[in-house]
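Undergrad: Pasting a structure below so you can have a look.
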Amino acid sequence: CPCALGLATPMSVMVGVGKGAQNGVLVKNAEALEKMDKVTTLIVDKTGTLTEGKPTVEKVASFKRDFTDMEILRYMLSLNIHSEHPLADAIVQYGKEQRIEAYKVLDFKAVTGKGVEGEANDSKLALGNPEMMEYAGAYLSGEMAQEARTYQKQGKTVSFLAIEGEVAGYIVIGDKIKKSSARAIEKLQEKGVKVVMLTGDNHETAQAVAQELNLADFKANMLPEDKLKEVERLQQEGELVAMAGDGINDAPALAKSDVGIAMGTGTDVAIESAMITLVKGDLQGIVKARNLGDAVMKNIRQNLFFALAYNTLGVPIAAGVLFPFFGILLSPMIAALAMSFSSVSVIGNALRLRSKDL
Numbered sequence: 028c029p030c031a032l033g034l035a036t037p038m039s040v041m042v043g044v045g046k047g048a049q050n051g052v053l054v055k056n057a058e059a060l061e062k063m064d065k066v067t068t069l070i071v072d073k074t075g076t077l078t079e080g081k082p083t084v085e086k087v088a089s090f091k092r093d094f095t096d097m098e099i100l101r102y103m104l105s106l107n108i109h110s111e112h113p114l115a116d117a118i119v120q121y122g123k124e125q126r127i128e129a130y131k132v133l134d135f136k137a138v139t140g141k142g143v144e145g146e147a148n149d150s151k152l153a154l155g156n157p158e159m160m161e162y163a164g165a166y167l168s169g170e171m172a173q174e175a176r177t178y179q180k181q182g183k184t185v186s187f188l189a190i191e192g193e194v195a196g197y198i199v200i201g202d203k204i205k206k207s208s209a210r211a212i213e214k215l216q217e218k219g220v221k222v223v224m225l226t227g228d229n230h231e232t233a234q235a236v237a238q239e240l241n242l243a244d245f246k247a248n249m250l251p252e253d254k255l256k257e258v259e260r261l262q263q264e265g266e267l268v269a270m271a272g273d274g275i276n277d278a279p280a281l282a283k284s285d286v287g288i289a290m291g292t293g294t295d296v297a298i299e300s301a302m303i304t305l306v307k308g309d310l311q312g313i314v315k316a317r318n319l320g321d322a323v324m325k326n327i328r329q330n331l332f333f334a335l336a337y338n339t340l341g342v343p344i345a346a347g348v349l350f351p352f353f354g355i356l357l358s359p360m361i362a363a364l365a366m367s368f369s370s371v372s373v374i375g376n377a378l379r380l381r382s383k384d385l
């Protein structure tokens with residue numbers, strides 16, 4: 028009876044998907060489990076993936092005597108109210124805590140991978156990284172860059188504010204690394220998975236985070252298209268690539284990767300682009316997804332063995348292949364029991380996944 032063969036794969040997948048959901052790993056389809064078993068390279072974003080995704084403002088400072096620190100913050104708050112970037116929320120929250128009222132912003136524009144710009148209080152504003160300052164035509168002196176580098180070497184993110192084409196101040200934002208990140212990366216590396224960090228942050232910040240997590244492979248100043256190209260490059264080299272991210276910037280790379288993994292704490296766009304969603308947004312979930320993929324594929328192979336073994340032995344005996352030699356014929360009752368037991372054994376084996384420790 029082909030029933031057991033028909034049940035072998037779907038039963039394992041169904042139980043595996045349920046087991047994943049119990050452990051906060053939401054799997055969209057069976058293909059994701061199959062590929063997780065074979066992943067050779069995992070690309071991870073920094074903010075919200077390796078870090079807690081709860082950035083906080085640590086310092087606001089003015090470079091100009093014409094503006095106080097609070098005036099600099101007011102301009103930053105005004106721009107970031109319209110931004111969807113994770114760091115923008117931290118600035119808005121901090122501004123509210125300081126009871127600062129935002130200006131009305133005109134012509135707001137987000138510049139991908141660089142920052143935001145707009146007009147407020149009759150002044151043209153630009154907020155973001157050094158590339159954003161260059162984009163806005165604002166000169167960032169070596170002294171200013173050096174002051175920012177002090178914080179970047181500590182793994183902090185520094186954004187600059189330009190007012191009317193002149194760099195007027197900066198803000199320092201910190202985001203703690205998740206306690207589970209280092210252990211999760213270590214476990215994945217033990218399983219032979221190469222872990223690479225890609226981030227839009229500058230080299231100093233990326234290097235500080237990579238050193239804390241013992242990551243040898245990382246790339247900084249990555250735009251969304253750069254992350255996408257890196258995924259494509261690795262795939263062309265024969266790597267089976269999983270990508271983990273939580274932001275809009277990660278969506279193209281998530282969609283292109285062999286297995287896209289979104290943090291449940293991230294944006295809807297990222298979750299929609301991914302094949303697997305981690306409810307807790309914890310990197311430990313990737314370890315569980317890998318273990319789940321291994322367990323499901325192993326279970327499928329066992330089920331196929333049981334199904335084929337029963338059919339390979341039972342069908343020829345039922346057809347009378349042993350009768351000329353031993354005078355043995357398979358009783359219809361025994362054949363019916365064997366047929367049922369083959370299906371039961373497949374189902375029972377698949378259900379063992381429910382007790383699997385991920």
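Just so we're aligned: the sequence shown equals residues 28 to 385 in this note's numbering. Virtual Cβ for every residue (Gly too), placed ideally from N, Cα, C. The model shown is predicted, which means the values in this text are computed figures rather than measured ones.
When you compare only the Cα positions, how much space is there between Lys-392 and Ile-99?
TA: The chain is shown from 28 up to 385; residue 392 falls before or after that span and cannot be answered.
Undergrad: Consult DSSP for Asp-244 and reduce its assignment to one of helix, strand or coil.
TA: The residue labelled residue 244 in the question sits at position 217 within the sequence shown. In the structure shown, Asp-244 sits in a strand (DSSP, three-state: E or B).
Undergrad: Taking the beta strand (DSSP E) that Ile-70 belongs to, which residues open and close that run?
TA: Walking along the sequence shown from the start, residue 70 turns up at place 43. 68 to 72 is the extent of the beta strand (DSSP E) around Ile-70.
Undergrad: Can you pull the DSSP bridge partners for Thr-95?
TA: Residue mapping note: residue 95 aligns to position 68 of the sequence shown, counting from 1. Thr-95 pairs with nothing; no bridge assigned.
Undergrad: Going by beta carbon distance, what residues of the same chain come within less than 8 Å of Leu-77, once the five residues before and after it are set aside?
TA: Mapped onto the sequence shown, residue 77 falls at position 50. Excluding positions up to five away in sequence, the list reads Val-71, Ile-204, Lys-205, Ser-208, Met-224, Val-236, Leu-240, Leu-310.
Undergrad: Across the segment 178 to 198 and the segment 87 to 105, are there enough close Cβ pairs to call them in contact, namely three or more that are closer than 8 Å?
TA: With the cut-off at 8 Å, the segment 178 to 198 and the segment 87 to 105 touch.
Undergrad: Tell me the DSSP secondary structure of Gly-287 in three-state form.
TA: Here the question's residue 287 lines up with position 260 in the sequence shown. It is a strand residue.
Undergrad: Based on DSSP bridge pairs, tell me the residues matched to Asp-133.
TA: Taking the first residue of the sequence shown as position 1, residue 133 is located at position 106. Per the sequence shown, residue 133 should be read as Leu rather than Asp. Its beta-bridge partners are Glu-146.
Undergrad: At the level of alpha carbons, what is the spacing between Val-296 and Glu-111?
TA: As a working note, residue 296 is residue 269 in the sequence shown. As a working note, residue 111 is residue 84 in the sequence shown. So the alpha carbons of these two residues sit roughly 12 Å apart.
Undergrad: Could you say if the segment 35 to 54 and the segment 268 to 275 meet the contact criterion of at least three C-beta pairs nearer than 8 Å?
TA: Touching, no, given that fewer than three Cβ pairs across the two stretches are closer than 8 Å.
Undergrad: Is the CB-CB distance between Val-194 and Tyr-178 below 8 Å?
TA: Locating residue 194 in the sequence shown gives position 167, counting from the first residue. Locating residue 178 in the sequence shown gives position 151, counting from the first residue. Going by C-beta atoms, Val-194 is not nearer than 8 Å to Tyr-178.
Undergrad: Ala-278 and Ile-288 - do their beta-carbons sit closer together than 8 Å?
TA: The residue you call residue 288 lines up with position 261 of the sequence shown. The residue you call residue 278 lines up with position 251 of the sequence shown. Not closer than 8 Å, so no.
Undergrad: Within the same chain, show all residues whose beta-carbon is closer than 6 Å to that of Lys-383, passing over the 5 residues directly before and after it, in chain order.
TA: Along the sequence shown, one-based indexing puts residue 383 at 356. Answer for Lys-383: Ala-322, listed in chain order.
Undergrad: Please report the residue range of the beta strand (DSSP E) in which Ile-344 lies.
TA: As a working mapping, residue 344 is identified with position 317 in the sequence shown. Unbroken run through Ile-344 is the alpha helix (DSSP H), 311 to 345; no beta strand (DSSP E).
Undergrad: Span of the alpha helix (DSSP H) holding Tyr-197?
TA: Here the question's residue 197 lines up with position 170 in the sequence shown. Unbroken run through Tyr-197 is the beta strand (DSSP E), 193 to 201; no alpha helix (DSSP H).
Undergrad: If Glu-146 and Ala-163 are in contact, beta carbons under 8 Å, what's the gap, nearest whole angstrom?
TA: To locate residue 146, count along the sequence shown from 1; it is residue 119. To locate residue 163, count along the sequence shown from 1; it is residue 136. At roughly 12 Å, the Cβ-Cβ gap does not stay under 8 Å, so Glu-146 and Ala-163 are not in contact.
Undergrad: Our contact map puts Val-306 next to Ala-59 with C-beta atoms below 8 Å; I'd like the distance itself, whole angstroms only.
TA: As a working note, residue 306 is residue 279 in the sequence shown. As a working note, residue 59 is residue 32 in the sequence shown. Actually they do not touch by this definition, with Cβ atoms about 15 Å apart.
Undergrad: Under the criterion of a Cβ to heavy atom distance below 7 Å, does Glu-161 qualify as lining the ligand SAM?
TA: Looking for the ligand SAM in the displayed structure turns up nothing, as the structure carries no ligands at all.
Undergrad: Rounded to the nearest angstrom, what separates Leu-242 and Gly-312 at their Cα positions?
TA: Here residue 242 is taken as the residue at index 215 of the sequence shown, counted from 1. Here residue 312 is taken as the residue at index 285 of the sequence shown, counted from 1. Near 19 Å, if we compare the C-alpha coordinates of Gly-312 and Leu-242.
Undergrad: Measuring CB to CB, does Ile-190 end up less than 8 Å from Leu-152?
TA: For this step, residue 190 is matched to residue 163 along the sequence shown. For this step, residue 152 is matched to residue 125 along the sequence shown. Yes. Within cutoff.
Undergrad: If I follow the unbroken alpha helix (DSSP H) through Ser-382, where does it start and stop?
TA: Against the sequence shown, residue 382 aligns to sequence position 355. It is not in any alpha helix (DSSP H) - Ser-382 carries neither H nor E in the DSSP assignment.
Undergrad: So Asn-56 and Leu-385 are supposed to be a Cβ contact under 8 Å. How far apart are they, rounded?
TA: Walking along the sequence shown from the start, residue 56 turns up at place 29. Walking along the sequence shown from the start, residue 385 turns up at place 358. Actually they do not touch by this definition, with Cβ atoms about 19 Å apart.
Undergrad: Report the residue from Leu-357, Tyr-337, Gln-173, Ala-334 whose alpha carbon sits nearest the alpha carbon of Ala-345.
TA: Reading the sequence shown from its first residue, position 318 is the one you call residue 345. Comparing Cα-Cα distances from Ala-345 to each of Leu-357, Tyr-337, Gln-173, Ala-334, the minimum goes to Leu-357.
Undergrad: Taking Cβ positions, are Phe-332 and Ala-31 nearer each other than 8 Å?
TA: The residue given as residue 332 occupies position 305 in the sequence shown. The residue given as residue 31 occupies position 4 in the sequence shown. Result no, Cβ atoms of Phe-332 and Ala-31 do not sit closer than 8 Å.
Undergrad: What does the alpha-carbon distance come out to for the pair Leu-255 and Ala-172?
TA: Stepping through the sequence shown from its first residue, residue 255 is reached at position 228. Stepping through the sequence shown from its first residue, residue 172 is reached at position 145. Roughly 29 Å between the two C-alpha positions.
Undergrad: Would you call the CB atoms of Met-159 and Lys-180 closer than 8 Å?
TA: For the purposes of this step, residue 159 is taken as the residue at position 132 of the sequence shown. For the purposes of this step, residue 180 is taken as the residue at position 153 of the sequence shown. No; because the gap between Cβ atoms is not below 8 Å, this pair is not in contact.
Undergrad: Sorted by chain position, which residues of the same chain lie with C-beta nearer than 7 Å to Thr-67's C-beta, five sequence neighbours on each side aside?
TA: To locate residue 67, count along the sequence shown from 1; it is residue 40. If we look at Thr-67 and ignore the five residues flanking it on each side, its Cβ neighbours are Val-220, Lys-221, Glu-266, Leu-267.
Undergrad: With a CB to CB cut of under 6 Å and the five nearest residues on each side skipped, what residues in its chain are close to Leu-53?
TA: Along the sequence shown, one-based indexing puts residue 53 at 26. Taken in chain order, the residues that qualify are Thr-304.
Undergrad: What whole-angstrom Cβ distance do Pro-113 and Thr-74 have, given they're in contact under 8 Å?
TA: Working through the sequence shown from its first residue, we reach residue 113 at position 86. Working through the sequence shown from its first residue, we reach residue 74 at position 47. Yes, Pro-113 and Thr-74 are in contact; Cβ-Cβ is about 6 Å, under 8 Å.
Undergrad: Taking the alpha-carbon positions, what's the Val-258 to Val-342 distance?
TA: Here the question's residue 258 lines up with position 231 in the sequence shown. Here the question's residue 342 lines up with position 315 in the sequence shown. Each residue's alpha carbon lies about 48 Å from the other.
Undergrad: Compare the Cα-Cα distances from Ala-175 to each of Asp-228, Met-97, Thr-95 and report the closest residue.
TA: Position 148 of the sequence shown, counting from 1, holds the residue named residue 175. Of the listed residues, the one whose Cα sits closest to Ala-175 is Asp-228.
Undergrad: Pull up the distance between the alpha-carbon of Tyr-121 and that of Glu-170, whole angstroms please.
TA: Here residue 121 corresponds to residue number 94 of the sequence shown, with the count starting at 1. Here residue 170 corresponds to residue number 143 of the sequence shown, with the count starting at 1. Cα-Cα distance, rounded: 26 Å.
Undergrad: Which value, in whole angstroms, describes the spacing of the CA atoms of Met-290 and Asn-330?
TA: Taking the first residue of the sequence shown as 1, we reach residue 290 at position 263. Taking the first residue of the sequence shown as 1, we reach residue 330 at position 303. If I take the Cα positions, the gap works out to 32 Å.
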